[in-house]
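Take a look at the structure set out below.
Residue numbers (the working numbering): 409 to 832.
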């Protein structure tokens with residue numbers, strides 16, 4: 409089996425593609441073939457875990473390769489920040505933060521050719537009409553994914569009609585968007601590309617003795633580091649990072665709705681959204697909808713401002729009580745605890761008694777591997793942490809397996825938060 413790449417792929421390109429292909433093959437094996445997956449059919453649905461030396465079965469072939477890059481280095485300005493924008497809470501908050509700090513912000517939307525574009529449409533139209541430097545790149549990757557699924561005999565033929573919060577096989581959609589917008593970043597001389605990822609998207613796990621990233625590699629700090637290394641090897645002058653690694657999903661929602669309510673009104677996080685007139689509305693039925701409605705309700709915000717009807721809000725809260733949400737366990741428990749304390753959830757008494765608050769969810773979390781302060785460029789750290797601390801209960805640092813109070817504005821040895829960092 410071969411995958412043939414035509415073009416002048418240099419050493420950095422080939423190393424990057426080999427690494428990503430091997431990693432993706434392992435993640436698909438673990439997360440899509442070994443985990444319960446309603447899209448699978450036949451013997452593949454009964455596979456048992458088996459560790460392999462390599463998980464990539466194809467040979468990557470580069471018939472036109474070059475040893476060195478033929479492309480010139482990029483001229484970039486580190487005050488120019490591109491946000492990979494989607495209409496979700498993370499990219500909206502990232503824009504609000506950088507705009508408040510007076511940075512030049514380019515919100516770049518990846519316009520998929522299918523219905524997934526609906527999630528971004530409300531925000532894109534607002535940004536296009538009112539916010540400078542907004543851009544859009546059309547891409548048809550979703551058509552390629554659908555075509556590939558039809559070639560796989562172990563995927564149900566009716567996959568397109570099956571309602572699910574998960575994709576059948578594919579992972580790493582963020583990478584598709586990033587490489588789709590790179591030409592625009594080069595043209596605009598942008599030095600920093602911002603991905604909206606929170607604390608709980610960086611995980612290392614294992615199924616038996618098979619290591620994996622829990623299906624979240626393209627949202628992890630490891631992905632940012634790998635992409636930044638690749639950009640630097642190519643001479644492109646780009647760094648990639650998230651502004652939000654120290655924040656839980658609940659804190660992100662809190663800061664967005666309290667500090668930038670006009671931006672939050674354009675939020676659509678539902679992948680089954682639909683159009684009514686010129687506006688896109690969430691379905692009010694999926695896991696993402698009940699998560700968003702739950703968080704907004706918990707922080708005493710009004711979900712109708714971003715398109716939910718009173719009936720949908722009631723349905724989401726009932727479903728949340730019955731099914732929970734797909735968050736880190738501490739975050740999901742803390743959310744249910746908050747809603748139960750506010751009498752917004754109807755839970756059996758025996759269930760309610762088991763709920764406990766998890767205060768780390770409403771604190772900034774500095775973990776040495778998942779969310780160190782150094783993930784942010786030094787010029788952004790202090791101003792961002794000051795904003796975050798206006799809405800969080802405080803900050804915590806992970807030491808010897810425990811969360812302990814921590815002042816991110818005064819690091820060890822009396823140094824301020826303006827120390828040297830990874831980002832340029």
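For glycine and all other residues, C-beta sits at the position ideal for the given N, C-alpha and C.
| field | CA-to-CA distance, residue 457 to residue 786, given in whole angstroms | value | Residue 786 sits at position 378 when you count from the first residue of the chain shown. Residue 457 sits at position 49 when you count from the first residue of the chain shown. Spanning the alpha carbons of residue 786 and residue 457 requires a straight line of approximately 43 angstroms.
| field | Given residue 530 as reference, the closest of 806, 773 and 687 once Cα atoms are compared | value | Residue numbering aside, residue 530 sits at position 122 when the chain shown is read from its first letter. Cα-wise, what sits closest to residue 530 is 687.
| request: Give me the Cα-Cα distance between residue 552 and residue 422, rounded to the nearest whole angstrom. | output: Numbered from its first residue, the chain shown carries residue 552 at position 144. Numbered from its first residue, the chain shown carries residue 422 at position 14. Cα to Cα, the separation comes out at about 22 angstroms.
| query | If residue 550 sits next to residue 521, beta carbons under 8 angstroms apart, how far is it from one beta carbon to the other, in whole angstroms? | reply | In the chain shown, the residue the question calls residue 550 occupies position 142. In the chain shown, the residue the question calls residue 521 occupies position 113. Their Cβ separation, rounded to whole angstroms, is 6 angstroms, which keeps residue 550 and residue 521 in contact under 8 angstroms.
| query | I think residue 447 touches residue 576, with their Cβ atoms under 8 angstroms apart; what is that distance to the nearest whole Å? | reply | By one-based count along the chain shown, residue 447 stands at place 39. By one-based count along the chain shown, residue 576 stands at place 168. Sure, about 4 angstroms apart at Cβ, within 8 angstroms.
| query | Closest by CA to residue 612, which one among 624, 753 and 505? | reply | Here residue 612 refers to the residue found at position 204 of the chain shown. Comparing Cα-Cα distances from residue 612 to each of 624, 753 and 505, the minimum goes to 624.
| Is residue 791 helix, strand or coil by DSSP? | What you label residue 791 is simply residue 383 of the chain shown in a count that begins at 1. Residue state, collapsed to three classes: helix.
| request: Examine the Cβ distances between the stretch 562-576 and the stretch 588-607 and report whether three or more of them are shorter than 8 angstroms. | output: no
| query | Is the distance from the Cβ of residue 626 to the Cβ of residue 582 below 7 angstroms? | reply | To locate residue 626, count along the chain shown from 1; it is residue 218. To locate residue 582, count along the chain shown from 1; it is residue 174. Between residue 626 and residue 582, the gap from beta carbon to beta carbon is short of 7 angstroms.
| query | Considering only C-alpha positions, which residue in the set 440, 516 and 752 is nearest to residue 726? | reply | Taking the first residue of the chain shown as position 1, residue 726 is located at position 318. Minimum Cα distance to residue 726 is reached at 752.
| request: Spatial neighbours of residue 462 within its chain, please: CB distance less than 7 angstroms, with the 5 preceding and 5 following residues excluded, ordered by chain position. | output: Within the chain shown, numbered from 1, the residue matching residue 462 stands at position 54. Excluding sequence neighbours, residue 462 sits near 430.
| Which residues mark the beginning and the end of the alpha helix (DSSP H) in which residue 774 is found? | Reading the chain shown from its first residue, position 366 is the one you call residue 774. Element bounds for residue 774: not the alpha helix (DSSP H) but the beta strand (DSSP E), 772-774.
| said: Suppose only complete runs of 3+ residues qualify. What are the beta strand (DSSP E) ranges in the stretch 587-636, listed by chain order? | reply: 598-602, 613-615 and 618-620
| said: Looking at the strands, I want to know which residues DSSP matches up with residue 649. | reply: The sequence position of residue 649 within the chain shown is 241, counting from 1. In the DSSP assignment, the residues bridged to residue 649 are 602.
| request: Starting from the C-beta of residue 804, find all residues in its chain whose C-beta is less than 8 angstroms away, skip the five residues before and the five after it, and write them out in chain order. | output: Taking the chain shown and counting its residues from 1, the one referred to as residue 804 is at position 396. Taken in chain order, the residues that qualify are 768, 771, 772, 773, 774, 811, 812, 813 and 814.
| said: Tell me whether the stretch 694-710 and the stretch 739-757 touch, counting them as touching only if at least three CB pairs, one residue from each stretch, are closer than 8 angstroms. | reply: yes
| residue 710 - DSSP class collapsed to helix/strand/coil | As a first step, residue 710 is located in the chain shown; it is residue number 302 there, counting from the start. DSSP places residue 710 in coil when its eight states are reduced to three.
| query | For residue 417, which residues from the same chain have a beta carbon less than 8 angstroms from its beta carbon, with the 5 sequence-adjacent residues on both sides left out? | reply | For the purposes of this step, residue 417 is taken as residue 9 along the chain shown, with counting starting at 1. Closer than 8 angstroms at Cβ, skipping near neighbours: 425, 470, 472, 473 and 474.
| said: Relative to the C-alpha of residue 506, which candidate in 806, 816, 724 and 667 has its C-alpha closest? | reply: Position 98 of the chain shown, counted from the first residue, corresponds to residue 506. It is 667.
| message | Any contact between the stretch 658-678 and the stretch 509-524? By contact I mean 3 or more CB pairs, one from each, below 8 angstroms. | response | no
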